[in-house]
Structure formats: structure tokens, C-alpha cells
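These notes concern the structure reproduced below.
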Amino acid sequence: MSYSVQNIRNVCLLGHSGSGKTSLTESLLYMTKAIDRMGRTPDGNTVCDYDAEEIKRQISLSTAIAPIEYKGCKINILDTPGAFDFSGEVVSALCAADAAIIVCSAKDGISVGLEKAWKFCEERKMPRFIYISKTDEDNSDYNATFEAMRERFGNKIAPVVVPIWDNNKKVTGIIDVLNKRAYEMKDLKRVEIELPADKASVVDQFNDALKESVAETSEDFMEKFFGGEDFTYAEMIQGLRQGVRDLSLFPVLCGSAISCMGSLMLMDNIVDLLPNPAEGVPYAAETAEGEPEDFVVSPGGVPTAFVFKTISDQYGKYSLVKVLSGTITSDLTMVDTRTGSNEKLGRLYTMRGKKATEVKELECGDIGAIAKMDKIKTGDTLCDARKVVTLAPIPFAEPCYSIAIAPKTRGQEDKIAQGLSRLNEEDPSFTVANNAETHQMVLSANGDMQVDVLVSKLKSRFNVEAELSPARVPYREKIRKTVEKQGRHKKQTGGSGQFGDVWIRFEPNFEEEDFVFAEEVFGGSVPKNFFPAVEKGLREACVHGPLAGYPVVNLKAVLYDGSYHPVDSSEIAFKTAAQLAYKAALPEANPVILEPVGELKVTVPDTYTGDIMGDLSKRRGRPMGMNPLDGGWQEIEAEVPMAEMGNYTIDLRSMTQGRGSFTFKFVRYEDAPANVQQKIVEEAKALAAEE
1 MSYSVQNIRN VCLLGHSGSG KTSLTESLLY MTKAIDRMGR TPDGNTVCDY DAEEIKRQIS
61 LSTAIAPIEY KGCKINILDT PGAFDFSGEV VSALCAADAA IIVCSAKDGI SVGLEKAWKF
121 CEERKMPRFI YISKTDEDNS DYNATFEAMR ERFGNKIAPV VVPIWDNNKK VTGIIDVLNK
181 RAYEMKDLKR VEIELPADKA SVVDQFNDAL KESVAETSED FMEKFFGGED FTYAEMIQGL
241 RQGVRDLSLF PVLCGSAISC MGSLMLMDNI VDLLPNPAEG VPYAAETAEG EPEDFVVSPG
301 GVPTAFVFKT ISDQYGKYSL VKVLSGTITS DLTMVDTRTG SNEKLGRLYT MRGKKATEVK
361 ELECGDIGAI AKMDKIKTGD TLCDARKVVT LAPIPFAEPC YSIAIAPKTR GQEDKIAQGL
421 SRLNEEDPSF TVANNAETHQ MVLSANGDMQ VDVLVSKLKS RFNVEAELSP ARVPYREKIR
481 KTVEKQGRHK KQTGGSGQFG DVWIRFEPNF EEEDFVFAEE VFGGSVPKNF FPAVEKGLRE
541 ACVHGPLAGY PVVNLKAVLY DGSYHPVDSS EIAFKTAAQL AYKAALPEAN PVILEPVGEL
601 KVTVPDTYTG DIMGDLSKRR GRPMGMNPLD GGWQEIEAEV PMAEMGNYTI DLRSMTQGRG
661 SFTFKFVRYE DAPANVQQKI VEEAKALAAE E
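FYI, in my numbering the residues of the sequence shown are 1 to 691.
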């Protein structure tokens with residue numbers, strides 16, 4: 001069945017890991033008879049956590065889609081991971097959602113995951129509900145959680161559902177504040193009950209607060225409210241819907257996924273209050289001429305779709321898309337604006353977890369999948385040739401945890417590279433680079449957990465075992481004084497021999513990092529045709545410095561004298577002679593090791609400033625300044641040697657309970673302190689001995 005844009009809701013579930021997002025999705029599917037038995041995360045049989053790694057770890061690792069049909073609407077639930085290492089999945093899901101439900105547990109109150117989810121929504125001006133989960137479990141405290149929300153986010157937090165407690169403070173049911181009706185669950189079925197007398201005053205109080213919120217959404221409603229008139233139910237819904245869209249109202253709901261309490265009421269409110277795709281925030285886009293424009297979802301426009309995620313498994317590749325205008329059908333030819341090429345669409349599907357159901361078309365506003373589109377990548381815009389438009393790319397955070405990855409069995413480097421390339425199609429939030437200097441394949445991700453999952457997937461999917469080691473720091477070496485040396489290569493064997501003789505002056509050159517070669521030869525003591533061989537020999541020698549074998553920079557070499565033999569001299573002989581001069585001169589030229597230093601910007605709540613500053617001093621960091629930010633946050637700027645940043649992602653998380661974030665960019669090379677140089681030389685010797 002196809003749905004018009006007015007009857008579609010795309011809703012993203014956000015929140016801390018373990019807050020109950022996947023279980024909530026399971027209960028919504030069960031209550032709408034999309035599934036006949038509720039799965040449990042510990043049992044590994046839920047619709048959304050279907051990947052082998054998710055089942056093993058009992059947490060969500062990637063976004064899954066669960067479409068639900070309810071009261072003539074199609075609700076596309078996007079169940080996202082709560083673990084911070086997988087925030088790339090959250091960011092891509094937010095590109096497809098028009099509203100969010102932030103799930104928080106009544107046991108945990110305001111968690112770091114909730115704070116991050118709220119921040120994501122604020123940045124995107126996204127309408128949102130708050131759903132307080134696990135209200136009927138032991139040690140849960142709905143009131144404490146709700147009060148903490150009110151304190152943090154103000155009076156925009158509006159309860160539309162409140163729980164009912166028995167004498168033991170156990171939640172037994174819920175009340176619909178708007179309709180003043182109460183319900184409880186019996187054998188996973190909702191039963192209406194009498195509104196408890198002791199709850200009447202609280203419900204009246206919250207109901208009046210909702211009316212005040214509705215009054216503020218229009219002048220007509222304001223007049224009616226102050227005139228003492230009651231709003232009709234339709235007016236209440238209209239006003240609340242407007243408040244949710246304007247971000248002047250954030251409804252709070254609650255329930256229990258295990259008993260399905262509150263699930264139907266949540267869906268009622270999704271249908272009634274959350275915006276449809278055409279009412280969502282316009283997308284930032286560029287025209288074919290490169291001009292910025294706001295792209296508004298419109299069913300009457302020519303076909304346009306955005307690829308927000310890729311799924312690749314043993315059954316094939318699916319490109320998950322949100323249709324932003326018009327209708328797309330299989331076999332339709334569309335332009336991929338990244339490559340400029342025409343792509344004929346494959347078969348279309350709707351996804352429910354791992355289950356794909358083929359459909360003939362995808363309507364404007366809907367979310368679905370296109371099969372076997374090998375050239376299409378996550379973040380691509382597909383559009384009609386008549387209106388070429390490119391949507392803004394998915395704003396993945398810069399990966400900040402780097403580690404070297406290599407196969408356990410020699411010779412399987414290509415296998416690892418191919419496996420990571422395939423996994424990168426699914427998860428573009430990590431990067432892989434071959435570092436020519438350190439001869440390592442470096443994997444950069446959001447944290448050690450993401451790396452651990454990638455290593456597991458390499459083994460299970462691509463049958464290649466990987467081992468991890470710290471990413472080596474690309475040090476440099478330079479000289480600090482001028483030295484002149486002779487390099488003489490003479491070899492006599494049967495027949496013609498080899499002869500090359502050079503005098504070279506090696507001097508520091510602080511203006512240019514690259515090697516500079518010059519010559520001051522008089523009287524043809526070294527013929528001109530051997531100059532290139534001398535330069536080549538020196539360039540090859542510069543790759544390995546005298547202290548720890550790192551490349552030498554800021555070096556100038558001047559060939560000023562030498563001698564040659566008319567028969568035995570050759571290019572190879574002069575190349576060798578130049579290298580001998582280099583090896584003799586540099587140890588005497590006061591060499592020093594240079595280490596890379598980067599600019600670190602750490603964003604943390606005020607309360608952690610002291611801890612961060614103390615930690616930076618241990619890392620040989622130099623504080624450069626502090627910038628106060630809104631909401632009691634600080635941005636701390638410092639310069640820190642790259643060698644001290646290996647585990648900073650993990651350490652910062654530990655120091656700030658996951659609240660801190662940072663960026664780190666290379667700035668320059670500096671002389672390493674003597675004690676650090678000694679350690680670098682020892683490590684280089686140990687590494688050379690291993691190899």
C-alpha cells in the first residue's frame with residue numbers, strides 16, 4: 001500500500017545505549033500486528049538488531065528501519081545506536097528523519113546520551129518527543145527523571161502522558177492527559193480503567209498547562225483562552241502540533257516496552273503531533289550552477305532522492321533512500337550528482353530490519369531501498385536530469401582515534417584493504433590510509449569499540465584476521481650545523497672498475513623543508529653529466545636520517561669538488577660516492593629529531609576544565625587559550641605533540657563521562673626534547689631489530 005506525503009512520519013529514535021530504543025520499536029511492531037511475537041535483545045531475536053555482531057554484543061551498532069502502519073499512516077521508525085562510537089549512524093539517520101523521539105530510562109535520568117541527542121536535534125531544529133522508558137521496572141523513578149528534564153530544558157517540556165502508581169510506588173498504568181483517560185495493560189492488551197481520584201488534580205494541572213501552550217501558538221487561541229472559552233479537541237491537536245513544529249513544545253510520554261504500556265499512545269501522538277515530510281525543515285542544497293538553495297520536500301516535483309545509508313551483506317547491496325520529491329520507480333533513470341552519470345534504478349524495496357519487501361514505487365517522503373546500485377554511495381543525491389540538485393553531504397564527525405591494522409598472516413594485506421573498503425561503504429564515518437612514511441595501514445575511527453567491531457566483521461565476513469598496533473608517529477630529522485665531507489667510491493674487479501669521488505658541503509636550510517641540491521664545481525673536477533647521479537644518491541639517502549632512520553628535512557647539499565676517472569667513472573659510482581659522503585657527514589652535523597605538533601581544541605562542560613588542563617600538562621601540551629561557550633561549556637585550545645595523542649579519545653571520554661569532544665590538526669614540526677629523542681631512538685632500534 002502506498003501513502004501520500006501527508007500520511008507519512010519519519011521518526012528517529014535517539015538516546016543513550018541501553019535506554020530501550022530497540023525494545024520500544026519491537027513493542028510498536030507487536031502492537032500494530034507487524035510481528036506476532038515480541039523479540040528480546042538478550043535473546044538476539046529483535047527485528048532491528050539482526051547483525052551477528054549486534055546479537056553477540058546485545059547492543060545496536062547500526063541504524064535499522066522498521067515501518068509501521070497505524071491509523072492510515074505509515075510511520076518509518078529509524079532505530080539508531082546509542083553507543084558514542086557509532087554516532088555516524090545517528091547523523092545519517094537524522095538526514096532521513098523529520099522528527100525525533102529521545103528515549104531515556106526512568107532509572108537513569110538525564111544521561112550523556114540524552115544530552116548528545118538533544119544537541120543533535122537543536123543543531124538541526126528538529127521537532128522531538130521525549131519518551132521515558134522502563135517506568136514499571138524496579139528502581140525506576142519517573143518523577144525524578146521528569147523533574148530533571150524540566151530543570152534542564154524549562155517549561156517547554158510538556159507531559160501528555162503520566163503514569164499511575166500503586167501503594168508500593170510501582171507503575172501500573174498510564175493517563176492520557178489530553179483526553180483525561182486512564183489505561184493499564186493486561187496480557188499485552190490495553191484496557192481502559194477509571195481515572196484514579198487522587199490523580200484528577202494532577203491531570204487537571206497538566207491539562208491546563210497544555211492549554212496554555214496551545215494558546216501561545218496563535219492570537220485567536222490566545223483570545224479564546226483569556227476569554228475563558230475551552231478549546232475543542234481539534235483545536236488542541238492543531239495548537240500542540242504547531243507548538244511541536246515551532247519547537248516551543250516538547251511533549252513527554254512514558255511507558256514500558258516489555259509490557260507494551262504506552263506504545264499505542266505514543267503512536268497516536270506521532271500521527272497527531274509530529275510533522276509529515278513536507279512540513280519538515282528544508283534541506284540545504286546546491287543547484288547545478290553551484291548556487292545554494294533550500295530544498296523543500298514536494299510531492300509534485302520531479303523525482304529526487306537522497307542516499308542516507310548503504311547496507312552490504314551476503315545477499316547483496318541496498319542503497320537506503322529518502323524520496324524528497326516526486327515518485328521513484330524501478331528502471332527509472334536518474335542522475336547521480338556526485339559522478340554526473342545516469343543510473344538506471346534497480347528493484348525497489350521497503351526494509352523492516354533485514355527483511356526486504358519489494359514494491360513497485362516509492363512515494364515522496366517515504367523511505368526505502370534500491371538494490372544492486374554498485375556505483376552509488378552513501379551521501380549521493382539522485383535526481384531528474386531536468387532539475388539537477390545536490391543535497392549537502394552527511395556531516396560525519398572527523399574520526400579521532402587512529403590505530404595501525406595489519407593481517408595476522410603475511411600476504412593478506414590486500415584482503416584486509418578490500419574488506420575495509422566494503423565495510424566503509426556501509427559506514428563512511430571511518431577512514432583508512434596507507435602511510436608511506438611509517439609503512440602502516442592506519443585505521444581512523446570514532447573509538448576503540450568501532451575498531452573492535454570492524455576487526456570482528458573482517459574475520460566473520462571476509463575471513464581475514466587482523467591485529468592492531470599503535471600508529472607510529474611520522475618523525476623527521478634535521479641537522480643544525482654545516483659539515484663538509486668526502487665520499488669516495490673505488491672498486492676494481494676484472495675489466496672496467498668503478499670510480500666516483502665527491503666533496504659535499506651539508507648545511508641547514510630553514511627556508512625550505514624539501515631537500516635542496518646545488519653545485520659549485522670549478523674546472524670540471526666532476527663532469528656535469530654526473531650531477532644528476534649525485535643528486536639522486538643524496539635524495540635516496542635523505543629518506544633515512546642518522547639518528548632513528550626518519551626522513552631528513554631542511555637540508556641543503558652543495559657539491560663543490562671531486563675527481564673522476566675517464567674510463568671507470570659511472571653514474572652508479574657517483575651516486576654511491578654521494579651516499580658515502582652523506583653517511584659520514586650527518587652524524588657530525590649536530591642532528592636532531594623533529595616531532596609533529598598539532599592544534600588541539602577540546603569542548604567540555606565547565607566543571608571538567610581543571611581535569612583537562614591537568615591532563616594536558618602530562619601530555620606536554622601548551623595551553624593557548626580558552627573560549628567560553630553557551631550553556632556552561634568551554635573550548636580549550638592547546639598545542640600538543642602528536643605522540644601524546646594516541647589514546648586521547650578514550651581518555652577524554654573517561655575524564656568527562658563521554659561529554660567531551662575534540663578536534664586535532666597538524667600544525668608544524670618542532671625539536672623534540674632530549675629525553676623524548678632518546679626514547680624515539682631506542683624504539684627505532686628495537687623496531688629495526690624486530691624486522
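Ideal Cβ positions, reconstructed from N, Cα and C, are used throughout, including at glycine. None of the values given here were measured: they were computed from a predicted structure.
- [ ] Rank D427, S460, P566 and E437 by C-alpha distance to the C-alpha of S444 and give the top, closest one.
- [x] The shortest C-alpha separation from S444 is found at D427.
Open item on the list: Helix, strand or coil for Y608? Go by DSSP, reduced to three states.
Closed with: Helix.
Open item on the list: Comparing C-alpha positions only, which one of F531, H544 and R659 sits nearest to T475?
Closed with: One detail in the question is off: residue 475 reads as Tyr in this sequence, not Thr. Of F531, H544 and R659, the smallest CA-CA separation from Y475 is found for H544.
TODO: Check the C-beta distance from G346 over to M373 and give it rounded, since I have them as a contact under 8 Å.
DONE: Contact between G346 and M373 holds: their C-beta atoms lie close to 6 Å from each other, under 8 Å.
Open item on the list: Once the 5 residues before and after A672 are set aside, which same chain residues still bring their CB inside 8 Å of it?
Closed with: Within the same chain, A672 has close Cβ partners Y475, V592, I593, L594, E595, P641 and I680.
Task: Own chain partners of F225 with C-beta closer than 6 Å, once the 5 adjacent residues on each side are dropped - done: Residues of the same chain with a CB within less than 6 Å of the CB of F225, apart from the 5 flanking positions on each side, are A215 in chain order.
- [ ] Spell out a yes or no on whether the stretch 108-116 and the stretch 17-28 are touching, meaning 3 or more CB-CB pairs, one atom from each, closer than 8 Å.
- [x] Flag = yes, the stretch 108-116 and the stretch 17-28 touch.
Task: Limits of the unbroken beta strand (DSSP E) element including V451 - done: From DSSP, V451 is part of no beta strand (DSSP E) but of the alpha helix (DSSP H) over D448 to F462.
Task: Identity of the residues DSSP links to G255 by a beta bridge - done: The beta-bridge partner set that DSSP reports for G255 is empty.
Task: Check whether V602 and I612 have beta carbons under 9 Å apart - done: Cβ distance < 9 Å, so V602 and I612 count as in contact.
Task: Nearest-angstrom Cα separation, counted from L29 out to G262 - done: In this structure, the alpha-carbon of G262 lies about 13 Å from that of L29.
Task: Span of the beta strand (DSSP E) around T71 - done: Residue identity check: residue 71 is Lys in the sequence provided, not Thr. No beta strand (DSSP E) holds K71; DSSP gives it neither H nor E.
Task: Length of the line joining the Cα atoms of P551 and G537 - done: If you take the alpha carbons of P551 and G537, they lie about 14 Å apart.
Open item on the list: According to DSSP, H489 sits in a beta bridge with which residue or residues?
Closed with: Note: H489 sits in a beta bridge opposite G500.
- [ ] Could you tell me how far apart the beta carbons of D246 and T217 are, in whole angstroms, since I believe they sit closer than 8 Å?
- [x] Correct: roughly 7 Å between the Cβ atoms.
Task: Helix, strand or coil at S111 [DSSP, three-state] - done: It is coil, neither helix nor strand.
TODO: Name the residue from F499, G500 and F517 whose alpha carbon lies nearest to the alpha carbon of E507.
DONE: Comparing Cα-Cα distances from E507 to each of F499, G500 and F517, the minimum goes to F517.
Open item on the list: Looking only at its chain, what residues have a beta carbon closer than 8 Å to the beta carbon of D331, apart from the 5 residues adjacent to it on each side?
Closed with: Closer than 8 Å at Cβ, skipping near neighbours: K344 and L345.
Open item on the list: Within a Cβ cutoff of 7 Å, which residues of the same chain sit near K211, ignoring the five residues on either side of it in sequence?
Closed with: Once the five neighbours on either side are set aside, the close Cβ partners of K211 are F225 and F231.
- [ ] Note the first and the last residue of the continuous alpha helix (DSSP H) segment covering E775.
- [x] Within the shown structure, residues of the chain are numbered from 1 to 691, placing residue 775 beyond reach of any answer.
Open item on the list: In whole angstroms, give me the CA-to-CA distance for V389 and D79.
Closed with: So the alpha carbons of these two residues sit roughly 29 Å apart.
Task: Residue from I572, R40 and G610 whose Cα sits closest to the Cα of Y697 - done: Limits of the chain in this structure are 1 at one end and 691 at the other, which puts residue 697 out of reach.
Task: P508 in three-state terms, based on DSSP - done: In the three-state DSSP reduction, P508 falls in the strand class (E or B).
Task: V567 burial status per 10 Å Cβ neighbour count (16 or more: buried) - done: When all chains shown are included, V567 counts as exposed.
- [ ] For the alpha helix (DSSP H) holding Y582, just list the boundary residues, first then last.
- [x] Y582 -> alpha helix (DSSP H) spans E571 to A585.
TODO: Kindly indicate which residue of A356, P163 and P159 has the alpha-carbon position closest to the one of S213.
DONE: Nearest option by C-alpha distance: P159.
TODO: Could you tell me whether the stretch 497-512 touches the stretch 618-630, where touching means 3 or more Cβ pairs closer than 8 Å?
DONE: Contact annotation: the stretch 497-512 does not touch the stretch 618-630, with fewer than three C-beta pairs closer than 8 Å.
Open item on the list: Am I right that L362 and T327 are in contact with their C-beta atoms under 8 Å? What's the rounded C-beta distance?
Closed with: Right, the Cβ-Cβ distance comes to about 7 Å (below 8 Å), so this counts as a contact.
Task: Reduced DSSP category for D615 - H, G, I as helix; E, B as strand; rest coil - done: Taken through DSSP and simplified to helix, strand or coil, D615 comes out as helix.
TODO: State the DSSP-derived secondary structure class of Y692, mapped to helix, strand or coil.
DONE: Here the chain covers residues 1 to 691 and nothing more, so residue 692 does not appear.
Task: Any beta strand (DSSP E) of 3 or more consecutive residues that is wholly inside the stretch 68-148 - done: Entirely contained in the stretch 68-148, the beta strand (DSSP E) runs reaching 3 residues are, in chain order, 73-79, 99-105 and 128-133.
- [ ] In the DSSP assignment, find the unbroken alpha helix (DSSP H) run with A417 in it and report its ends.
- [x] Going by DSSP, A417 is part of the alpha helix (DSSP H) stretching over E413 to E426.
Open item on the list: What does the alpha-carbon distance come out to for the pair A689 and F664?
Closed with: C-alpha separation (whole angstroms): 32 Å.
Task: Continuous beta strand (DSSP E) stretch holding N435: start and end - done: Taken as a continuous stretch (DSSP letters only), the beta strand (DSSP E) holding N435 covers T431 to N435.
Task: N-terminal and C-terminal residue of the alpha helix (DSSP H) that N627 is part of - done: First-last for N627: R622 to L629, but that is the beta strand (DSSP E), not the alpha helix (DSSP H).
Task: Length of the line joining the Cα atoms of E137 and S105 - done: When rounded, the distance between both Cα atoms is 10 Å.
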